[in-house]
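K.L.:
Sending over a structure as structure tokens; questions will come in a sec.
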Amino acid sequence: MQTPLRAHPITTLSNLWRVRFLVIIPVLRGLIGAINWDFAAWLAGAWLDVLILLAMLGFAALRTRRVKLWWEGELLHLRTGLILLRGVVIPWENIVTVSVTSPFYLRPFRAVRLRLDTISGSAREADFTFLLRPQAAELLLERHGWAPPCQDSFAASSRSVLSHSLLSSNSLAGIVFVAALVSQSGRLLGRQLAEGIVGVFEQFTRALAFGLPPAGAAIAYALLGGWVVGFAMSYARYKNMRVSLKDGMLRVTGGAFTGRSYSVVHDKISYMEVRQNLIAKLLGLSPMSILAPGYAKGKADIACLTPAQRAPGFKAARQRFFPQLSSAPNSLTPLSGSLPRFILLPCLLCAGILLSAGLLCWRTQGWERFVIFVGGMALVPALAFLAVRLTDFRTGGIGRAADAYTLRYSRGFYLCTVIILSEKIVQVQLRQSFFQKRKGRCDIFIYTRAEGRAIHRLKGLPAQRVSEMFA
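Rendered as structure tokens:
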């Protein structure tokens, strides 16, 4: 039996949050004493406040002390709880992902956050999360089969990290669009807003407005500043990123300020995916992502396996990490008569925006320019959605190479390319409307599973050939 590993003492602070409701007693006593101006009575009962605080601290410390991790052979044992004990036994082979992050705010305490995930856990939260000392976390990583990426591992270049951060930080085009919307709205409403802008703030914003209204410029700069912060955080997250595959374990490290290490069982990866927005598609940049239990589950996690890569670099990375997944050209593509099924929704959105803008211009007086401008800006994402659907109609489809399927379709504002082994597909469903059945067309729903269900929907394909491909 291995010596049990215990939670880091700083876990006591998070355990205090579980009994935070007890603080209401000292707070109420303090409020009553302040209202009645009866300091002597409050001081006489201060022993109760101290007792409650000590009880909270004792509960949190004991709960932290009760957390233990150890392993016996191929079994990992976990024990938590104080009043109600919880004991869990997990075979090592069922643990898919072990991740260790070292946020900057935990470094002064020499603590790291460890997460364990199996295929049966929640799709949103880690199965188990612990704060441990770095040495204890390293022991668990090594037991899972992790080792630092070797010298010949894939290392993300600064250019690819920069490109990926520019495209993934809520998109540069999106923030420019919002900044333009706010600035131009301020210009059109300048007369109404100018009277409310006074004092030093007005002078400051006028100095930095560069011809824009101060209110619009101030908000636009705030939004642009928020994007810059998001871009910097994304760049720091992927900085120094390295990926390697050895002994059936996929190992990922990265992070400039917050160290991140991931150990993923390669065989438990459901599929590989490339998700591109229109700008990435036009520039030929392909970020590689995977679906695996526990990987990229947190908002601050490294979300992809490799940042945006050009075609040669992406192909080399795919062959290195997924030699069994060969990208196949489309052998099934949407039929020409299915175009309305792709563009109906975005066309309705565009028509709705135009109709609403026209109605507001007719019903309002003196606001026509503002309504036209806002309607025009609202039309931009609708047209982008239409462009994505048109691209999906032109490039979407299904291909097959050996036992691997290549699915190309759109999801929201993204164009997705998924490469998946046939053994990872758990269900295939064909759907036909009345009109589709007459024309021999269908929509196909392909279901895959990791911790939750993932659905891949492709529209307007020939029903007979789809049935033959997935027979």
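Oh and the sequence shown: position 438 is 446 in the numbering used here, straight run, nothing missing. Virtual Cβ for every residue (Gly too), placed ideally from N, Cα, C. Bear in mind that the values here come from a model prediction, so they are computed numbers and not experimental data.
1. Just mark L333 as buried or exposed, buried being the case when its beta carbon has 16 or more other beta carbons within 10 Å.
2. Compute the beta-carbon to beta-carbon distance between N338 and I428, rounded to the nearest angstrom, for a pair I have assumed lies under 8 Å.
3. Do T105 and G302 have their C-beta atoms within less than 7 Å of each other?
4. Along the chain, where does the alpha helix (DSSP H) containing R73 start, and where does it finish?
5. Does the distance from the CB of M2 to the CB of G238 come in under 7 Å?
6. Is the segment 265 to 281 in contact with the segment 414 to 432, if contact means three or more CB pairs nearer than 8 Å?
7. With a cut-off of 8 Å on the beta carbons, I'd call P436 and I454 a contact; round off their distance for me.
8. Would DSSP call F136 helix, strand or coil?
9. Short check: CB of P315 to CB of V108, under 7 Å?
10. With burial defined as no fewer than 16 other Cβ atoms inside 10 Å of the residue's Cβ, what is the status of V474: buried or exposed?
11. Where L13 and I361 are concerned, what is the direct C-alpha to C-alpha distance, given to the nearest angstrom?
12. Within this structure, are the beta carbons of G306 and S110 separated by less than 7 Å?
13. Between the alpha carbons of G383 and A365, how many angstroms are there, rounded?
14. Measuring alpha carbon to alpha carbon, tell me which of I380, I298, R402 ends up nearest A325.
15. How would you call K480, buried or exposed, if buried means at least 16 neighbouring beta carbons within 10 angstroms?
16. Can you tell me which residues form a DSSP beta bridge with S107?
17. Could you name the residues that DSSP lists as bridge partners for S418?
18. Just the C-alpha distance for L469 and L340, rounded to the nearest angstrom, thanks.
19. Taking its Cβ as the centre, do 16 or more other Cβ atoms sit within 10 Å of T11, making it buried, or is it exposed?
20. Distance, Cα to Cα, S294 vs I287?
21. Would you list the residues sitting across from E281 in a DSSP beta bridge?
22. Can L357 and A409 be called in contact, C-beta distance under 7 Å?
23. Please report the straight-line C-alpha distance between C450 and M385, rounded to a whole angstrom.
24. Output the boundary residues of the alpha helix (DSSP H) element that contains I351.
25. Mind checking A240: buried by the 16 CB within 10 Å criterion, or exposed?
26. Between the segment 138 to 152 and the segment 118 to 126, are three or more C-beta pairs nearer than 8 Å?
P.N.:
Reading off the structure:
1. Its Cβ being crowded by 16 or more others within 10 Å, L333 is buried.
2. Between the beta-carbon of N338 and that of I428 there is about 15 Å, and that puts the pair past the 8 Å contact cut.
3. Going by C-beta atoms, T105 is nearer than 7 Å to G302.
4. Taken as a continuous stretch (DSSP letters only), the alpha helix (DSSP H) holding R73 covers 54 to 73.
5. One cannot answer for residue 2 here, as it falls past the ends of the chain, which runs 9 to 479.
6. Taking a cut-off of 8 Å on C-beta distances, the segment 265 to 281 touches the segment 414 to 432, as three or more cross pairs fall below it.
7. Per the sequence presented here, residue 436 reads as Val, with Pro not at that position. Between the beta-carbon of V436 and that of I454 there is about 6 Å, and that keeps the pair under the 8 Å contact cut.
8. In the three-state DSSP reduction, F136 falls in the strand class (E or B).
9. Going by C-beta atoms, P315 is not nearer than 7 Å to V108.
10. Buried, because 16 or more other Cβ atoms sit within 10 Å of the Cβ of V474.
11. Those two C-alpha atoms are separated by around 59 Å.
12. In terms of Cβ geometry, G306 and S110 do not form a close pair [threshold 7 Å].
13. Cα to Cα, G383 sits roughly 6 Å from A365.
14. The residue with the shortest Cα to Cα distance from A325 is I298.
15. Examination of residue 480 is not possible in this model, given that the chain is present from 9 through 479 alone.
16. Answer is R123, Y270, bridged to S107.
17. As computed with DSSP, S418 is found in a beta bridge with L423.
18. Going by C-alpha positions, L469 is about 7 Å away from L340.
19. Counting Cβ neighbours within 10 Å, T11 comes out exposed, since fewer than 16 surround it.
20. In a straight line, the C-alpha of S294 is about 11 Å away from that of I287.
21. In the DSSP output, where bridge partners are listed per residue, E281 has S297, V426.
22. In this structure, L357 sits away from A409, with a CB-CB distance that is not shorter than 7 Å.
23. C450 and M385: Cα-Cα distance of roughly 35 Å.
24. I351: member of the alpha helix (DSSP H) spanning 347 to 371, first to last residue.
25. Taking every protein chain shown into account, the CB of A240 has fewer than 16 other CB atoms within 10 angstroms, so this residue is exposed.
26. Under the Cβ criterion (8 Å, minimum of three pairs), the segment 138 to 152 counts as touching the segment 118 to 126.
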